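A.B. asks: Mind looking over this structure? Questions follow.
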Amino acid sequence: MLQWNKKGIFVLTFQERSSKSKLDLRIERYHLHGVGVRFQRAINTSGEFEPGLPDTLVIHFTAGSNLASSVDVLTSPENKVSAHFAVGRNGDIVQMMPTNLIAWHAGRSNYMGRSGYNRYSIGIELDNAGQLEKRDDGLFKSWFGKSYSANEVVTAVHRNQQTPTHWHKYTDEQLLRTFDLCKVLIEHHAITTIVGHDEIAPKRKVDPGPAFPLDEFRAALLGGATTNL
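Using the numbering used here, you'd call the opening residue of the sequence shown number 1 and step up by one each time.
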């Protein structure tokens, strides 16, 4: 069984890492290979990373209705955005940018004395509706109009907020696959940092939100203390 904390949020442990997260992904020439992986090329890039980079993974949610539509947005040149990977709710992965090229996922961003995190990071988008609004009928509505039942929702306090709000849950398959993806990227690149978009752009962004176990990912993949248990 996968473990969940008292808020109903998935928690990765070192035991989960060894017993549940079996790595079947590999990177060759900056392209990811493995079961359930496909490539759909994004156009918007600022060219190659400088030597020694990327060293950071930035976790996002798509705030979209499904993987395919979000990938279409991220690969469309006129949208002025792009990312390296998107992870579906069934664990499928779409790579949109080779990992040696800079994508446009971070926007205006500052963290630990750095600004402009596109230059330093690989962007990973998870198919997730994001923050939800509770309706009078007990369902939860997304900004694009789709409704979700209570068992698909986490109610928790965002790290940059003070009151509980409602968030679309990530699936077990999605989280384990994202864990695998982070692991292979750490092994292939000089990754030293994993951050949420809401940490590098706290005044603008709320993704990946409190439904994503960011502290547990960092502890399992990079070492360090976990919080929010």
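A virtual CB, placed ideally from N, CA and C, is assigned to each residue, including glycine. Computed from a predicted model, the values in this text were never measured in an experiment.
#1: Would you kindly check if the distance between the Cβ of MET96 and the Cβ of ALA83 is under 7 Å?
#2: Could you give the distance in angstroms between the alpha-carbon of LEU25 and the alpha-carbon of GLY34?
#3: Starting from ILE59, trace the beta strand (DSSP E) in both directions and tell me its first and last residue.
#4: Taking the alpha-carbon of THR192 as reference, which of ALA86, THR45 and PRO54 has the nearest alpha-carbon?
#5: Count Cβ pairs between the stretch 35-46 and the stretch 66-85 that sit closer than 8 Å; are there 3 or more?
#6: Could you tell me the alpha carbon to alpha carbon distance between GLY52 and LEU185, rounded to whole angstroms?
#7: In chain order, which alpha helix (DSSP H) runs of at least 4 residues are fully inside the stretch 21-85?
#8: Please classify ASP207 as buried or exposed, where buried requires at least 16 neighbouring CB atoms within 10 angstroms.
#9: Suppose you measure from the CA of LEU28 to the CA of PHE85; what does that come to, to the nearest Å?
#10: Could you name the residues of the same chain whose beta carbon sits closer than 7 Å to that of SER70, not counting the 5 residues immediately before and after it, in chain order?
#11: My guess is that HIS158 and PRO210 are in contact by the Cβ rule of under 8 Å, so how many angstroms apart are they, rounded?
#12: Considering only the beta carbon of each residue, do ASN90 and GLU152 sit closer than 7 Å?
#13: Can you give me the C-alpha to C-alpha distance between PRO98 and GLY123, rounded to a whole angstrom?
#14: My output table needs one value for HIS166: the three-state DSSP class, helix, strand or coil.
C.D. replies: According to the structure shown:
#1: Your numbering for residue 83 matches position 83 in the sequence shown. Your numbering for residue 96 matches position 96 in the sequence shown. Yes, these two residues count as a Cβ contact at 7 Å.
#2: As a first step, residue 25 is located in the sequence shown; it is residue number 25 there, counting from the start. As a first step, residue 34 is located in the sequence shown; it is residue number 34 there, counting from the start. One C-alpha to the other measures close to 5 Å.
#3: Start at 1 with the first residue of the sequence shown, and residue 59 comes out as number 59. From DSSP, the beta strand (DSSP E) with ILE59 extends over 56-61.
#4: On the sequence shown, residue 192 is found 192 positions in, with the first residue counted as 1. The candidate whose alpha carbon is nearest that of THR192 is PRO54.
#5: yes
#6: The residue you call residue 52 lines up with position 52 of the sequence shown. The residue you call residue 185 lines up with position 185 of the sequence shown. GLY52 and LEU185: Cα-Cα distance of roughly 14 Å.
#7: 67-75
#8: Within the sequence shown, the letter at position 207 stands for residue 207. So ASP207 ends up on the buried side.
#9: The count along the sequence shown starts at 1 and reaches residue 28 at position 28. The count along the sequence shown starts at 1 and reaches residue 85 at position 85. The question names Leu, but residue 28 is Glu in the sequence shown. About 15 Å.
#10: Residue mapping note: residue 70 aligns to position 70 of the sequence shown, counting from 1. Cβ neighbours of SER70 beyond the five flanking positions: THR62, GLY64, ALA86, GLU125 and ASP127.
#11: Reading the sequence shown from its first residue, position 158 is the one you call residue 158. Reading the sequence shown from its first residue, position 210 is the one you call residue 210. 5 Å between Cβ atoms; contact.
#12: Translated into positions along the sequence shown, residue 90 becomes position 90. Translated into positions along the sequence shown, residue 152 becomes position 152. Against a cut-off of 7 Å, the Cβ pair of GLU152 and ASN90 comes out as no contact.
#13: One-based indexing of the sequence shown puts residue 98 at position 98. One-based indexing of the sequence shown puts residue 123 at position 123. Roughly 11 Å between the two C-alpha positions.
#14: By 1-based counting over the sequence shown, the position of residue 166 is 166. HIS166: strand per DSSP, three-state reduction.
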